[in-house]
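Chemist:
Residue numbers (our numbering): 6 to 344.
1. Put residue 9 into one of helix, strand or coil per three-state DSSP.
2. Please classify residue 313: does DSSP put it in a helix, a strand, or coil?
3. Take residue 171 as the anchor and find which of 231, 224, 246 has the nearest alpha-carbon.
4. Kindly list the residues whose CB is nearer than 6 Å to the CB of residue 304, restricted to its own chain and excluding five residues on each side of it in sequence; keep chain order.
5. Would you grab the beta carbon distance between residue 317 and residue 60 for me? Rounded to a whole angstrom, and I think it's under 8 Å.
6. Compute the Euclidean distance between the alpha carbons of residue 162 and residue 188, then round it to the nearest angstrom.
7. Thinking C-alpha only, which one of 205, 344, 78 is nearest residue 54?
8. I need the straight-line Cα distance from residue 75 to residue 50, nearest angstrom please.
9. Mapping DSSP to helix, strand and coil, what is residue 296?
10. Please tell me whether residue 331 and residue 110 are closer than 7 Å, where the distance is taken between their beta carbons.
11. Are residue 211 and residue 201 touching if we call contact CB-CB under 7 Å?
12. Here's the rule: buried if 16 or more other CB atoms are within 10 angstroms of the residue's CB, otherwise exposed. What is residue 20?
13. What residue range does the alpha helix (DSSP H) around residue 119 cover?
14. Just to confirm, is the Cβ distance from residue 302 to residue 276 under 7 Å?
15. For residue 314, which residues from the same chain have a beta carbon less than 7 Å from its beta carbon, with the 5 sequence-adjacent residues on both sides left out?
16. Thinking just about the alpha-carbon of each residue, which of 179, 127, 214, 80 is nearest to the one in residue 252?
17. Taking 7 Å as the cut-off, decide whether the C-beta atoms of residue 289 and residue 322 are in contact.
18. Where does residue 346 land, buried or exposed, given buried means 16+ other C-beta within 10 angstroms?
19. Rounded to whole angstroms, what is the Cα-Cα separation between residue 270 and residue 250?
20. Is it the case that the Cβ atoms of residue 295 and residue 257 are separated by a distance below 7 Å?
21. Starting from residue 164, follow its DSSP beta bridges and name the residues at the other end.
22. Could you give the distance in angstroms between the alpha-carbon of residue 273 and the alpha-carbon of residue 17?
23. In its own chain, which residues sit with a C-beta less than 8 Å from the C-beta of residue 239, not counting the 5 before and 5 after it?
24. If we count Cβ pairs, one from each stretch, closer than 8 Å, do we get three or more for the region 83-103 versus the region 65-72?
25. Count the other CB atoms, across all protein chains shown, that sit within 10 Å of the CB of residue 84; report buried if there are 16 or more and exposed otherwise.
26. Residue 155: which of 178, 180, 143, 129 sits nearest, CA to CA?
27. So residue 106 is in the beta strand (DSSP E); what residue range does that whole segment cover?
28. Should residue 15 be labelled buried (16 or more other beta-carbon atoms within 10 Å of its own) or exposed?
29. Quick one: measure Cβ to Cβ for residue 245 and residue 165, integer angstroms, because I've assumed they're closer than 8 Å.
30. I need the DSSP call for residue 157, collapsed to helix, strand or coil.
31. Is residue 8 near residue 58, with beta carbons less than 7 Å apart?
32. How long is the line joining the alpha carbons of residue 229 and residue 343, rounded to whole angstroms?
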C-alpha cells in the first residue's frame, strides 16, 4: 500500500517516535514530505495519484477539486491533528468523501488528553490566583500578597460544570472523578441523562449549570449553531468568585458580553482561545485583572503529540491489514456537529 505523508519533516518528528516511523516505512510504501514546509494543494494534487492513504497535519493543504480528480486510489486519510474541516472546503465531503467511501481519521482524541490536563491545571491555577502571586513576586517583590484571598475554591468539594461531552469534555470528567466530593454537572443536547450518569455527571440545562457551578469549563464544538452560545446572561448567573474556562473555541463566547460582565462582576475567566485570536493590543480583555489569557496551547505537550503517531500507525494497520474501522474514524452522519 502506498502512503503519502504530507506532514513536514519537523512536525512528523515531533509526533512520531523513530521506531514508529521505521515500522510504518517497513510495512507500507511511504512517500514522505522531506521538507520543513507544508505542500500547497497544487503540490498535493501532483503527488496523490496512485496513493492509497494520505497523512496530513497542522497546516496541511485543503483537498480541492483538483486534488480529488487525481486521487484515483485514495481510500484513507489520517489527519495527525484535531479538526479535519479545513481539509474539505465547500461541498467536497458530499461530492467526494461520502460517494467514494473514503475513511477519514482524526487524531483529536490524542490531543484531547493534553487539553484535558491543561483544563484541570487552569482550574487550580486560577482558583489559587497563582498567576497573580507569581506576578506580584516577580514584578514587585511581594511575598504572599495579602490582598489575594486564601479562602479560594478548590476542586475538592466543589461543583464543576462541563459544557459539551466531547472527547475533551469526557476526558476532563474522567480526571475530575479522581477528586474528593466533587459534584459534576453536564450540559450537552446530544447526551441523555443515563449517558451523563455513566460519565459520573448529572445532566442539566445551561442556566442551572452556570448558576450552581464553582468552575465552568467549555468543551463544545464550534458549529453554526453554537457560535455565541455563551452570552451575558450566562455569566451573570455565576457565583461570586466562580471561574469560567474556555479551551474550546473563542467564537463560542460573546466576547463583548464577557467584557461587560467582567468589568462589573467578581468572577474569573481563563481563556486559551479568544475571538479574535490573538486579541488586538488594545483589547480590554488583555487588561482586566479577572481575566487570564494563554496563547492557544492547551493541546500542546509531548504525551499527546506522541500518541498521535501511535494512533496514526494503528489506523493504517487496522484499515489495510486487519480490515477494521480505525479509532478516530469520522462518522459522516454527525460531521456537521463535529468540532
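Positions of the beta carbon are idealized from the N, C-alpha and C atoms, including for glycine.
Modeler: From the atom records:
1. strand
2. helix
3. 224
4. 116, 119, 120
5. 6 Å
6. 8 Å
7. 78
8. 6 Å
9. strand
10. yes
11. no
12. buried
13. 113-132
14. no
15. 20, 21, 22, 25
16. 127
17. no
18. Nothing about residue 346 can be reported from this structure: the residues present for the chain run from 6 to 344 only.
19. 16 Å
20. no
21. 188
22. 38 Å
23. 211, 212, 215
24. yes
25. buried
26. 129
27. Element bounds for residue 106: n/a, residue is neither H nor E.
28. exposed
29. With a Cβ gap of about 17 Å, residue 245 and residue 165 do not count as contacting.
30. coil
31. yes
32. 11 Å
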